[in-house]
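To start, the structure itself, in structure tokens.
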Amino acid sequence: MVGAAPSEFECVVIDATMAGMSMRELALRILAADPKICVLAASGYPVDMSEVEAEAPGRVEFLHKPFTPEMLATAVRRMLAPQKEV
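Using our numbering, the letters of the sequence shown map in sequence onto residues 2 to 87.
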């Protein structure tokens, strides 16, 4: 969906256990689709997203499971806040 209409997305939440590709690969594809998209990666497993974060500073964040709906909302708001000021 992001590839078909990247301008329709501001933040995409992904999970480490998605089938078909690694979290790193999916995040990089999403980030490449549009320079304004942010990626919020979530997992209950230890995941190293430092390489992806280095390639897209300020556009990638990791949220460790378990998290509450409030924690998810706070993370999404934090990621979208800088974009609204641009």
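Using N, Cα and C, we set each Cβ at its ideal position, and we do this for glycine too. Just so it is clear, the structure is predicted and the values come from calculations on it, not from any experiment.
To the nearest angstrom, how far is it from the Cα of residue i to the Cα of residue j?
i   : j   : result
E54 : T69 : 23 angstroms
K66 : T18 : 12 angstroms
M2  : R30 : 12 angstroms
A57 : M50 : 11 angstroms
S23 : S8  : 23 angstroms
Here's the rule: buried if 16 or more other CB atoms are within 10 angstroms of the residue's CB, otherwise exposed. What is residue i?
i   : result
R60 : buried
V87 : Annotation note: pLDDT 40 at V87 (below 50); position unreliable, coordinate value reported separately. V87 comes out exposed.
L81 : exposed
A76 : buried
Using the DSSP secondary-structure output, state which residues sit across from residue i in a beta bridge.
i   : result
I15 : A42
L64 : A43
Near residue i, what residues of its chain come up, given a Cβ to Cβ distance below 8 angstroms and the 5 sequence neighbours on each side ignored?
i   : result
R79 : E62
A5  : none
Considering only residues of the same chain and omitting the five flanking positions on each side of residue i, which have a CB-CB separation below 7 angstroms?
i   : result
A34 : V3, G4 and P7
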